[in-house]
DNA sequence: GTAGGGCTTCCAGTCACTGGAAGGTCAAGG
DNA sequence: CCTTGACCTTCCAGTGACTGGAAGCCCTAC
């Protein structure tokens, strides 16, 4: 299977697949003409990578996960620890975003949004928040 | 005020302030010895930038916001539209992260996490999800 | 005069791709 | 046999928003 088909089947752009080879995540065979040739095993790995990336794991996490996946002697505790670490980061990120969202929407609600220059959003950003300091 | 003090007062790393000058967000004066010299006005801008970045606005958003801030003829509607656009992106991002979080925590909960190799997390990533397809 | 801390510039690296140029390969149609 | 077009190859550069580090100047204190 050449890269176009591999791309279609895995949902990963061809560029991304080449990049994954570049950084050593996969090493597809080559046909005589130099084209990459993806076996079923490689397709499984691409699908694995696509899912892991889709869950927000970093490339280095994916490298580790792939090696755990291929290591039949792994301890599931190792995988679980990684996943939990990643979950913690996600939870933290969500909290952060929610805090930003809350602050900004408060400012947005205060802004009448017409053609006059008076703007509580800019005032908030400038630190002129006369009410309770939300920033 | 030189860059060290400006950094302390604004909470922005000196490197970041230099970077902001590089990309034309601020243009502090220079003293005879070549050191940057930050006026009160510049410090206000740095504080503004720090808050805007803290709310997740991109650098280009910040550039626009700063110019609106300095334009006393602005329409608050323009600011509000930007802020709303940004809020939408944040909301979207939060949804995305929550979806990842939900999927991954489901897998984590299924994983016993001991020294045996059997691991629902890896199985899920590999697409061997025998239950309802959560991935 | 020398030690330290702070300042300057410039270059390179981060992360995970993504775009584009220049060129080789292959199957179909004329 | 030639061309056309879709595919593939490699390599280089750019993204966003910094961040780290090297090499060297400036200023103050001892």
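Chains as they are written, first to last, in this note's numbering: chain A, 999 to 1133; chain B, 999 to 1133.
We treat Cβ as the ideally placed atom computed from N, Cα and C, and that holds for glycine.
Does any residue of chain A have a CB that is nearer than 8 Å to the CB of residue i?
| i | result |
| --- | --- |
| residue 1046 of chain B | yes |
| residue 999 of chain B | no |
| residue 1018 of chain B | no |
| residue 1110 of chain B | yes |
| residue 1010 of chain B | no |
Give the DSSP-derived three-state secondary structure of residue i in the structure shown.
| i | result |
| --- | --- |
| residue 1061 of chain A | helix |
| residue 1027 of chain B | strand |
| residue 1020 of chain B | helix |
| residue 1035 of chain A | strand |
| residue 1000 of chain A | coil |
| residue 1089 of chain B | helix |
| residue 1105 of chain A | helix |
| residue 1053 of chain B | coil |
| residue 1120 of chain B | helix |
Could you check whether the Cβ of residue i sits closer than 8 Å to any Cβ belonging to chain B?
| i | result |
| --- | --- |
| residue 1119 of chain A | yes |
| residue 1084 of chain A | yes |
| residue 1049 of chain A | yes |
| residue 1101 of chain A | yes |
| residue 1081 of chain A | yes |
| residue 1061 of chain A | no |
| residue 1057 of chain A | no |
| residue 1054 of chain A | yes |
| residue 1006 of chain A | no |
| residue 1088 of chain A | yes |
| residue 1025 of chain A | no |
Let me check understanding here. Comparing Cα to Cα, which of the options lies closest to residue i?
| i | options | result |
| --- | --- | --- |
| residue 1055 of chain B | B:999, B:1084, B:1079 and B:1076 | B:1084 |
| residue 1030 of chain A | A:1122, A:1000 and A:1063 | A:1000 |
| residue 1007 of chain A | A:1062, A:1047 and A:1028 | A:1047 |
| residue 1123 of chain A | B:1018, B:1059, B:1015 and B:1016 | B:1059 |
Using the Cα positions of residue i and residue j, report the straight-line distance between them to the nearest angstrom.
| i | j | result |
| --- | --- | --- |
| residue 1032 of chain B | residue 1020 of chain B | 15 Å |
| residue 1118 of chain B | residue 1004 of chain A | 25 Å |
| residue 1022 of chain B | residue 1112 of chain A | 29 Å |
| residue 1049 of chain A | residue 1081 of chain A | 13 Å |
| residue 1012 of chain A | residue 1035 of chain A | 13 Å |
| residue 1042 of chain B | residue 1074 of chain B | 20 Å |
| residue 1066 of chain A | residue 1069 of chain B | 57 Å |
| residue 1126 of chain A | residue 1103 of chain B | 42 Å |
| residue 1093 of chain B | residue 1086 of chain A | 16 Å |
Would you grab the beta carbon distance between residue i and residue j for me? Rounded to a whole angstrom, and I think it's under 8 Å.
| i | j | result |
| --- | --- | --- |
| residue 1044 of chain B | residue 1098 of chain A | Between residue 1098 of chain A and residue 1044 of chain B the Cβ distance is about 19 Å, and since that is not below 8 Å, they are no contact. |
| residue 1078 of chain B | residue 1106 of chain A | 6 Å |
| residue 1026 of chain A | residue 1072 of chain B | With 8 Å as the limit, residue 1026 of chain A and residue 1072 of chain B do not qualify as a contact, their Cβ atoms being about 55 Å apart. |
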